[in-house]
Amino acid sequence: MFRSIIIFTVLCLFSCSVLASPIVSSITVKTENDGLKRNVELYLNELKQQSFSPSIIKKAKTLTQNALKPFGYYLPTIDVKAEDNGGQVRLVVNVDAKTVTQISQLDIQVFGDAAKQKEINEQIAKLNLAVGQALNHSAYEKAKSQISSVLFEYGYFDTKWLKHTIEVRRGTYSAVIRLHVDSGIRYKFGPVVLDKEIKAYELVHRLNPMVVSNPYDNNTVTDFNIQLSNMPYFKSVRVYPDIINRENGEISVIVQLLHKPENSFEVGGGVSTDDNGLKLRFKWTKPWISENGHYLETNIEASQVDPQARISYTIPVNDPNNDVWRFGAGYIYDDNKLSRKATVQAQRQWLTESNWIRTAFLKYEIENYEIDSTHYHSNMVLPGISYARKRTLGGTTPYWGEQLLISTEFASESLASDTDLVKVQLLGQRLTTFAERHLLFGRINIGAIITDDINDVPISMRFFAGGDKSIRGYRYESVAPKINDQVVGGQYLATTSAEYNYRFLPNWRAALFIDAGTATNDFEDKIQVGTGLGLRWLTPIGPVRIDYAFAVTDDTRTGRFSITIGPEI
0 MFRSIIIFTV LCLFSCSVLA SPIVSSITVK TENDGLKRNV ELYLNELKQQ
50 SFSPSIIKKA KTLTQNALKP FGYYLPTIDV KAEDNGGQVR LVVNVDAKTV
100 TQISQLDIQV FGDAAKQKEI NEQIAKLNLA VGQALNHSAY EKAKSQISSV
150 LFEYGYFDTK WLKHTIEVRR GTYSAVIRLH VDSGIRYKFG PVVLDKEIKA
200 YELVHRLNPM VVSNPYDNNT VTDFNIQLSN MPYFKSVRVY PDIINRENGE
250 ISVIVQLLHK PENSFEVGGG VSTDDNGLKL RFKWTKPWIS ENGHYLETNI
300 EASQVDPQAR ISYTIPVNDP NNDVWRFGAG YIYDDNKLSR KATVQAQRQW
350 LTESNWIRTA FLKYEIENYE IDSTHYHSNM VLPGISYARK RTLGGTTPYW
400 GEQLLISTEF ASESLASDTD LVKVQLLGQR LTTFAERHLL FGRINIGAII
450 TDDINDVPIS MRFFAGGDKS IRGYRYESVA PKINDQVVGG QYLATTSAEY
500 NYRFLPNWRA ALFIDAGTAT NDFEDKIQVG TGLGLRWLTP IGPVRIDYAF
550 AVTDDTRTGR FSITIGPEI
C-alpha cells in the first residue's frame, strides 16, 4: 500500500511538471527582407514544440545570427519576445539586419600547370564573385566548387587547396576572400581499357577520339560516352577516367559496355487522340549481325487508320550513328487517303563538318489510291537529299533547343516515274526558356511541289495540315483541298505555331498556344486557325502534353482534346 502511494505521488509530480512547462507552439519572424525571413524561419523551426525556458530566447538569437551570416549580415539587431497564451508560447523575433558585409578584396590564385592555361583563367574570370558585391556564402562555395570542377575537367587530378577562407572585418562591414589552389600537373591520356572479349572491341578502338599522350580533356570522354550510348548495340555504357590507378602523368580511360541481346523484341500500344484510334506496335531488332556492326530493325504498327510495316538493314561505314548505308522496305495502308503504298529505299547518311546530318536517298514507290471513286496507280522513282540538325539542352525535358530539316526530292518521266515533279520542304522549330519559369516554343513548316498538274501527283506525296503536330483543333490531315468531301491534299503547305508555357510547380507547366496555316493549291483558301490551352506534366520519359484546342476559323467552332508524350523538339 505504501509503495503504491509513493508511485502515485511521483506520477502526479511528473504530470504537474509537464503541465507547468509551456511549449513553443509558433514562431513569427519580422524583417523587411523576405529572403532573410525565410532562412531565419528555417533555422528556428527546430525550436517548435520544445519546452520553453529562458535559454530558448538565447538560442533563438544565436540561430537567427547563424541564419543571417550566409547572406553577409554579421552585426544585426535581434529582439526576441515570448508571448504565453495558456501554456502555448509564441516567439516573436524582430530582425534589423543592418548593413550588409561587402567583398573588399578578392584574392584568387592558381599555382601549378593550370596557372598558364587559357581555359582555366577564362572560367575563373566568369565566377560570380566581385569586389563590391554583397558577401554571400553560397556564392563563395559555388565558386570554390566551380574551380575544382574546371580543374578536374582538364585533367588536374592532384589538385590541393592551399587556402580557402573568408576573412570578415566586422568594424568596416567588409570581407576578404582568399582562394589559393595548387593544380599540380595536367595528366595526359593513357590507353583505353576495354574487355577484349566483347564484340565491339575493334569498333570502339576505331572510333576512340582519345590520343595517348594528348592532354586530358573530360569533354572528350563525355562525348565518347554519348556517342557509344547512341549506338544501337549497347544496353549500357560507361566511360570514365581511372583516377585511382593514375601514374607517371598518364591516366587510362575505362570503357564498360553491356551488349544488347542478339534479338530483342518490344511490344507496345496506345490510343491516339488524333483520329488514328487504337494502335499496337511490334519491334524486332537484331543489333549485331556481323563483326562490322551491321544491324536489322523491323517495325509493325497495327491501327484502325494506317497500319504499316517497315524493315531496314544498316551497314556502318565508320560511325554507326552518323555514317551509314541503310536499305529498307515498307508497306502502308492509309484509310484516310484511301491509299496502299509499297516502298523500297537505299540511303547514304553522314555527318558534315558543320554537324548537319546529310542523307542522300533513292526511293521506288508503288501506290494504289482512290479519289472520288476513281482508282489510280502510280510508279515513282525518287532521288533526293536532306539536311537535318537538332540541338537540345535538358535531356528528355529540354529547356532549350532548335531543329532544322530541309529536304528535296524529284521525279522524272525519263527516269521511269509517272510524272515530273520537284518536292521541297522546310521544318524549323525553336524552344527557349527565360526567367526560369517561362518557356516559348515556335514552329514553322512550309513546302511546295513543283509540277504541271497536282492531280498527277500520288496522293501520299501531297501536303496535308491539321492535327496535334500541325494545326491543333482540327482533325488529323483534314486541312487540304477536297473533292466531294474527300480530302485529297494540296500542292503547297504553310503552317506555324506559337506556344507559351509557365511552370507553376516543379513538374507542371500551363500552356497557351495558337496554330495557323493551310495546305492548298493556290493560297486562295482561308487560313485555318486553332488556339487553346493545355497542361504539361514533366516526367522522366519526357513531358506529357495535354491540350484542348478550338478550331477558330471553322464554322462549327469545335473543340478537340489531345494527349501527346515527348518533348516539343
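Quick note on numbering that gives the first Met the number 0: the sequence shown kicks off at 0 and runs consecutively. Just so you know, even glycine gets a beta-carbon here, dropped at the ideal spot from N, CA and C.
Top-ranked residue by Cα proximity to residue i, from the options
| i | options | result |
| --- | --- | --- |
| A345 | R339, D334, L361, E352 | L361 |
| I458 | T373, G394, R471, T391 | T373 |
| S311 | L206, N291, T342, Y139 | T342 |
| K143 | Q108, T538, A447, I225 | Q108 |
| N454 | G488, W399, I470 | G488 |
| H376 | T418, S496, N135 | T418 |
| Q48 | E140, S20, I562, K117 | S20 |
| R237 | P306, L193, L202, N213 | L193 |
| L631 | R339, R185, K68 | Here the chain covers residues 0 to 568 and nothing more, so residue 631 does not appear. |
| V88 | S137, S50, E246, I197 | S50 |
| R185 | E401, E152, L161, A138 | E152 |
| K159 | A509, R502, D181 | D181 |
| A387 | G292, G394, L403, T395 | L403 |
| N84 | A114, E40, S24 | S24 |
| L134 | N244, K285, V99 | V99 |
Own chain residues within Cβ distance below 8 Å of residue i, not counting five before or after
| i | result |
| --- | --- |
| I242 | F156, I250 |
| F233 | A199, L227, L256, L257, H258, K259 |
| L43 | I26, V28, A59, L62, T63, A66, L90, V92 |
| W507 | L534, R535, W536, L537 |
| Q485 | L337, I370, D371 |
| Q145 | Q122, L126 |
| D553 | G472, Y473, Q527 |
Close beta carbons around residue i, own chain, < 6 Å, minus the five adjacent residues each side
| i | result |
| --- | --- |
| V91 | T27, K80 |
| G446 | Q424, F462, L492 |
| T358 | Q346, Q348, S385 |
| N120 | none |
| E567 | L430, F440 |
| Q490 | I448, I453, N520 |
| A308 | I299, Y330 |
| A410 | M379, L381, S416, L420 |
| G565 | G541 |
| R559 | G472, A548 |
| N207 | V191 |
| N444 | L426, T494 |
| E401 | R390, R429 |
| K422 | E408, I448 |
| S212 | K187 |
Residues near residue i in its chain [Cβ-Cβ closer than 7 Å; skip 5 each side]
| i | result |
| --- | --- |
| V323 | T313, I314, P315, V316, Q348 |
| R556 | F549, A550 |
| T579 | This structure leaves residue 579 out entirely; the chain is present only between 0 and 568. |
| G465 | Y473, R474, Y475, E476, S477, V478 |
| T563 | D467, R544 |
Local Cβ density within 10 Å of residue i, reported as buried at 16 or more and exposed below that
| i | result |
| --- | --- |
| C15 | Confidence at C15 is low in this model, with a pLDDT of 41, below 50, so the placement of that residue is unreliable and no value is reported for it. |
| P480 | buried |
| L150 | buried |
| R390 | exposed |
| Y215 | buried |
| L128 | buried |
| I123 | buried |
| Q104 | exposed |
| I5 | The predicted position of I5 is uncertain, since its pLDDT is 48 and thus under 50; no value can be drawn from it. |
| G267 | exposed |
| D33 | exposed |
| V9 | For V9, the predicted model reports a pLDDT of 42, less than 50, meaning its position is unreliable and no value from the coordinates is stated. |
| F503 | exposed |
| I102 | buried |
| Q116 | buried |
| G131 | exposed |
| P240 | buried |
| E366 | buried |
| P397 | buried |
| F223 | buried |
| R592 | The question about residue 592 has no answer here: the residues shown for the chain are numbered 0 through 568. |
Within-8 Å CB hit, residue i to chain D
| i | result |
| --- | --- |
| D194 | The structure shown contains no chain D, having only a single protein chain. |
Original post:
Looking at C-beta atoms only, is the number of pairs between the region 520-532 and the region 424-441 that lie closer than 8 Å three or more?
Top reply: Judged by Cβ distances under 8 Å, the region 520-532 makes no contact with the region 424-441, as fewer than three pairs qualify.
Subject >> At least three beta-carbon pairs within less than 8 Å, the region 164-183 to the region 63-75 >> reply: Put simply, the region 164-183 touches the region 63-75. At least three CB pairs are less than 8 Å apart.
Subject >> Complete beta strand (DSSP E) runs within the region 426-460 (minimum length 3 residues, chain order) >> reply: Taking only runs of at least 3 residues, the beta strand (DSSP E) segments lying wholly in the region 426-460 are 437-449.
Subject >> Any 3 or more C-beta pairs closer than 8 Å across the region 294-306 and the region 326-336 >> reply: Counting C-beta pairs closer than 8 Å gives three or more between the region 294-306 and the region 326-336, which meets the contact rule.
Original post:
Does the region 512-522 come within contact of the region 465-482, defined as at least 3 CB pairs closer than 8 Å?
Top reply: Yes, the region 512-522 touches the region 465-482.
Original post:
Which full runs of the beta strand (DSSP E) of 3+ residues lie inside the region 255-320, going along the chain?
Top reply: Fully enclosed beta strand (DSSP E) runs of 3 or longer: 263-271, 276-285, 294-302, 307-315.
**OP:** Could you tell me which uninterrupted beta strand (DSSP E) segments, each at least 3 residues in length, are contained entirely in the region 42-125, listed from first to last along the chain?
**Re:** Counting whole runs of 3 or more residues, the region 42-125 contains the beta strand (DSSP E) stretches 76-84, 87-95, 101-110.
Subject >> Contained alpha helix (DSSP H) runs [length at least 4] in the region 365-421, N- to C-terminal order >> reply: With a minimum length of 4 residues, no continuous alpha helix (DSSP H) run stays inside the region 365-421.
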